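Inspection log for the structure reproduced underneath, given as structure tokens.
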Amino acid sequence: MKVNSSYIPFQETGYFSKIVTDYLNNEKQLQPFYTYQPNLESVKKAIEVRKNFKTNRVVLVNELRKQYEGITLNEKQELNLNSLLKENTFTVTTAHQPNIFTGPLYFIYKILHVIKIADEWNTVFTDCHFVPVFFMGSEDADLEELGYINIEGVKYVWETTQTGAVGRMKVDKKLLTLIDKMSGQIGIYTHGNEYIKYLKLCFTEGKRIQQATLEFVNILFQRFGLLIIIPDNKNLKEEFKAIILKEFEHNFSNKEVQDTVNQLNNNYKIQTSGRAINLFYLTDNARNRIVNEANKFGLKTENNTFQQIDIHHEIKNNIQAFSPNVVLRPVFQELILPNIAFIGGGGELAYWLELKNVFQQAEVPYPILLLRNSFLLIEKQHTKLLEKYLISKKELFLQLDILLAEMMKRKIDDKFSADVQKAIHEIKINYQAIKNNIQPHYPTLSEHTNALETKTLKSLQALEKKIIRAEKKKNTALVNQITKLKESLFPKNSLQERVENIASFYAKYGSVIFNEIYNHSLTIEQQFAILNIEND
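For the sequence shown, my numbering begins at 300 and goes up steadily by one.
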């Protein structure tokens with residue numbers, strides 16, 4: 300398998316928010332909201348901070364071993380797991396919910412990113428050891444977001460009646476039916492049946508989604524030494540008990556988030572505002588908000604009723620039921636892991652930037668933040684079209700109508716578009732000369748002259764648009780080809796990685812696709828990668 304890579308700045312893609320691009324640009328106004336610059340010098344600083352923070356490594360390793368019962372760890376995983384007991388071992392972590400069958404491509408990319416970083420830092424900081432960790436957000440209850448995948452334009456939706464935390468849901472016949480349907484689509488490819496075999500091996504009827512996901516992700520990434528942690532765990536949450544109590548007694552996280560949001564709100568779109576109590580209560584089929592009404596804690600159920608609970612009794616006897624939301628989940632993650640860096644998408648970084656003061660109040664170290672790697676996978680048939688029509692990598696990210704307009708202009712240039720541009724230039728020069736002559740004698744006519752210039756230019760620009768439309772009609776084959784190309788590489792007018800699942804790429808190229816993504820993954824350098832897959 301031959302793959303070539305090129306890179307462009309995230310800022311030039313047009314697909315990333317202002318807060319993300321400002322973070323990448325190290326904008327001064329954003330610096331108060333995080334602790335470390337994303338560089339190797341910061342790694343040294345974060346290590347020193349972590350050395351002075353007590354992580355219960357024994358509980359962590361014991362619970363990981365329990366979660367891997369029945370799964371044979373390879374040599375690299377065993378090394379990483381045992382190493383977590385040592386004070387000079389740290390983690391590099393990414394997190395995601397258990398989307399069925401790994402969901403969109405970026406699920407894969409963020410895992411390979413933490414693996415690549417851990418490997419690189421193990422060569423740079425030889426007196427430490429770094430372990431790549433996938434923290435599964437299995438307590439998320441948004442099945443509408445997690446219960447579907449897209450494969451080459453076909454959408455597969457899990458139509459289950461189950462409710463509550465998705466990780467606690469169980470594989471049912473409807474989910475297994477999706478695997479059979481997928482087999483009909485990707486089974487025609489060289490490695491398609493292998494991929495389906497792995498899915499069927501892991502997703503068996505009655506198994507919890509979080510366990511099935513752990514097993515499947517383990518098959519895909521075991522050879523890289525990845526460790527996966529399911530935080531829906533009694534003993535891990537015992538470590539979080541003091542912070543849970545602090546949340547109920549002082550509502551500390553909401554105050555800190557609101558203060559930060561008020562500062563960020565002047566320049567950025569707010570990702571989350573949190574709640575008065577940033578904890579949920581889990582049962583087998585529900586994830587209910589915890590509220591305080593008339594100084595009594597209780598659950599806000601689906602039908603909006605209030606069900607009072609004895610918080611202290613529940614913390615003592617049923618602590619696993621307490622589920623941190625988007626505000627406190629990062630704190631829980633950093634508390635139980637000896638973590639140095641967190642790798643997340645743009646949306647994740649946006650809400651992590653709201654949490655620095657929450658971490659300070661919880662007395663938990665805030666990690667280095669890194670934007671996860673992004674990729675556009677371009678297969679051979681797409682590369683041929685790009686080369687045929689001389690579409691640059693930057694142009695590829697343009698919206699379809701803008702890209703087509705640019706392409707039509709290139710075709711028109713050989714005829715008279717250059718004359719139109721020349722005419723526009725001359726009009727501007729002539730009107731400027733007129734304004735220079737009129738201004739000293741008739742200053743009140745300046746606005747009228749400007750209006751005439753604008754009207755003339757608009758007429759010429761309208762003419763150019765009509766010429767472009769006419770050129771499109773003359774080149775319907777080209778327009779159709781480019782439209783299909785954009786729909787394939789930017790499905791639903793979004794980035795490929797936010798829509799497409801890994802299944803078709805694995806089915807065509809096998810597990811080597813992970814090697815190639817790993818090989819072309821940057822670490823701390825922050826750029827968008829374009830991978831051209833050259834073999835058929």
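Ideal Cβ placement from N, Cα and C applies to all residues, glycine included. Note that this is a predicted model, so its numbers are computed, not measured.
- Between the alpha carbons of VAL342 and PHE641 lies a distance of about 12 Å.
- In the structure shown, the three-state DSSP call for SER810 is coil.
- Taking 8 Å as the cut-off, the beta carbon of PHE827 is found no closer than this to the beta carbon of LEU676.
- Across the set PHE515, ALA345, GLN376 and LYS506, the C-alpha of PHE515 shows the shortest separation from the C-alpha of GLU493.
- With contacts defined by Cβ atoms closer than 8 Å, ASN800 and GLY402 form a contacting pair.
- Secondary-structure assignment with DSSP links LEU697 through no beta bridge to anything.
- If you draw a 10 Å sphere on the C-beta of LEU702, you find 16 or more other C-beta atoms in it, and that means buried.
- Non-local beta-carbon contacts of GLU613 in its own chain, meaning distances under 7 Å to residues more than five positions away in sequence, involve ALA620 in chain order.
- With fewer than 16 other beta carbons inside 10 angstroms of its own, ARG364 counts as exposed.
- A straight-line Cα-Cα distance of about 17 Å links ALA417 and ILE528.
- If you draw a straight line from the Cα of GLN698 to the Cα of THR782, it is about 10 Å long.
- Only exposed fits LYS687, as fewer than 16 other CB atoms lie within 10 angstroms of its CB.
- Assignment of PHE424 by DSSP, reduced to helix, strand and coil, places it in the coil class.
- Here THR392 is near ASN638, since their CB atoms are less than 8 Å apart.
- Here DSSP, grouped into helix, strand and coil, assigns SER304 to strand.
- The segment 740-772 contains no complete alpha helix (DSSP H) run of 4 or more residues.
- Pairing GLN570 with LEU563, the inter-Cα distance amounts to about 10 Å.
- The residue among GLU824, ILE618 and ILE832 with its C-alpha nearest the C-alpha of GLN336 is GLU824.
- For secondary structure counted as the alpha helix (DSSP H) over 4 or more consecutive residues, the segment 456-527 holds these complete runs in sequence order: 472-485, 491-501 and 508-520.
- In terms of CA proximity to GLU438, PRO397 leads the group PRO397, ASN553 and GLN680.
- Residue state for HIS395 is assigned as strand, using DSSP reduced to three classes.
- In the DSSP annotation of this structure, ARG797 is not part of any alpha helix (DSSP H), being labelled neither H nor E.
- DSSP places GLN606 in the strand class (E or B) of the three-state scheme.
- Remark: fewer than three beta-carbon pairs, one from each stretch, lie closer than 8 Å, so the segment 595-602 and the segment 314-328 are not flagged as touching.
- If only uninterrupted alpha helix (DSSP H) runs of at least 4 residues are considered, those enclosed by the segment 614-695 are 628-635, 645-651, 655-661 and 679-687.
- Within the model, the alpha-carbon separation for PRO742 versus GLU725 is close to 23 Å.
- A contact between stretches requires three or more CB pairs, one per stretch, nearer than 8 Å, and the segment 648-663 meets this requirement with the segment 616-631.
- The three-state secondary structure of TYR447, taken from DSSP, is strand.
- Its chain contains LYS469 as the residues whose beta carbon lies nearer than 6 Å to that of GLY505, once the 5 sequence neighbours on both sides are disregarded; these appear in chain order.
- By DSSP's assignment, ALA440 forms no beta bridge with any residue.
- If you check the CB distance, ILE448 and PHE400 come in under 8 Å.
- For the pair ILE766 and ILE711, the CB atoms are nearer than the 8 Å cut-off.
- For ARG349, the CB contacts under 7 Å within the same chain, skipping 5 residues up- and downstream, are PHE389, PRO637, ILE639 and PRO664 in chain order.
- Between ASN587 and SER793, the alpha-carbon positions lie close to 32 Å from each other.
- Around the beta carbon of ARG467, 16 or more other beta carbons sit within 10 angstroms, so the residue counts as buried.
- For ILE829, there is no enclosing alpha helix (DSSP H); the enclosing beta strand (DSSP E) has its first and last residue at 827-832.
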